[in-house]
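Trainee: Top line first, the protein sequences correspond to chains A and B. Terminal number for the first sequence in our numbering: 120, no gaps in between. Terminal number for the second sequence in our numbering: 115, no gaps in between.
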Amino acid sequence: DTGVSQDPRHKITKRGQNVTFRCDPISEHNRLYWYRQTLGQGPEFLTYFQNEAQLEKSRLLSDRFSAERPKGSFSTLEIQRTEQGDSAMYLCASSLEIASSSNQPQHFGDGTRLSIL
Amino acid sequence: LAKTTQPISMDSYEGQEVNITCSHNNIATNDYITWYQQFPSQGPRFIIQGYKTKVTNEVASLFIPADRKSSTLSLPRVSLSDTAVYYCLVAFDNAGNMLTFGGGTRLMVKP
């Protein structure tokens, strides 16, 4: 168990550019989540996948944001036409959900810190 | 939609027991209560989870009263390395999928 891995750890880009982040969940975890965290605040839910299906999206996930999990393993989060307000830590988490219980703990990666110049 | 309510910050000294209480008045019947710890520039780390009464693991205990409208995380004999932000979470939808983080409690352990 190598934990949840996120790449890159840091990304600096100019306003208006597109960025893509990758998350590799704990192997065999069928659920994968994306959160955003700004300085001094708790993480905010963005979206989650059950295997390859994207099942829920937050209102925070504007049309400039898109997430995929094509083979039910790793996931990517893309932000198009980045804005200053997108500067944040983007966290990925995964969990193993069992049909009889939906309360398995989520395990987080260390995030990708995005800075928009 | 009610949020969890925790103290914004707490101070303690090495070797003391620390108790952090969280209020969650609108917890749903099937929801569990989960606590996470977060250090700067790292993702949250799972500490403990419970449904009712008391749960204990190697790092903490979790006390949940019968009405489940609050919970208390207990950290025995804290050390300097326990200085972190602690989040109490419950899921406010019946599917239990979305974690709603509040502002957390910033614990400062002093020597």
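Note that the Cβ used here is the ideal one computed from N, Cα and C, for glycine as well. All of these numbers come straight from a predicted model, not from anything done at the bench.
1) State yes or no: is the beta carbon of P73/A nearer than 7 Å to at least one beta carbon in chain B?
2) If you count every other CB in all the chains shown that lies within 10 Å of the CB of I15/A, and 16 or more means buried, which is it?
3) So is L5/B in contact with chain A if we call contact Cβ pairs under 7 Å?
4) Hey, quick one: how far does the beta strand (DSSP E) through G54/B stretch, first residue to last?
5) Hey, does L121/A have any beta-carbon neighbour from chain B nearer than 7 Å?
6) Name the DSSP beta bridge partners of E81/A, please?
7) Pairing CB atoms from the segment 50-70 of chain A with CB atoms from the segment 15-26 of chain B, are three or more of them under 8 Å?
8) Quick check on D113/A - is its C-beta less than 7 Å from some C-beta in chain B?
9) Looking at the unbroken beta strand (DSSP E) that takes in H13/A, where does it start and where does it end?
10) Taking DSSP's pairing of strands, which residues face Q9/A in a bridge?
11) Contact defined as beta carbons within less than 8 Å: I believe I51/B pairs with Q42/B. What is the distance between those atoms, to the nearest angstrom?
12) Quick one: grab the DSSP three-state call for D15/B.
13) Take S13/B as the anchor and find which of P115/B, A88/B, S83/B has the nearest alpha-carbon.
14) Output, in sequence order along the chain, the residues in the segment 25-48 of chain B whose CB is closer than 9 Å to any CB in chain A.
15) By Cβ distance below 6 Å, which residues in the same chain neighbour Y17/B in space, the five residues on each side in sequence not counted?
16) Could you tell me whether the Cβ of P11/A comes closer than 7 Å to any Cβ of chain B?
17) Alpha carbon to alpha carbon, how far is L93/B from L66/B? Give it in angstroms, no decimals.
Mentor: Looking at the coordinates:
1) no
2) exposed
3) Note that L5/B scores a pLDDT of 46, beneath 50, so its modelled location is shaky; the value from the coordinates is reported in the next line. Not closer than 7 Å to any Cβ of chain A, the Cβ of L5/B fails to qualify, so no.
4) 49-54
5) The requested residue 121/A is not part of the displayed model; chain A covers only 4 to 120.
6) T23/A, S69/A
7) no
8) yes
9) 13-16
10) C26/A
11) About 10 Å; that fails the 8 Å criterion.
12) strand
13) A88/B
14) N34, D35, Y36, T38, Y40, Q42, S45, Q46, G47, P48
15) K114
16) no
17) 13 Å
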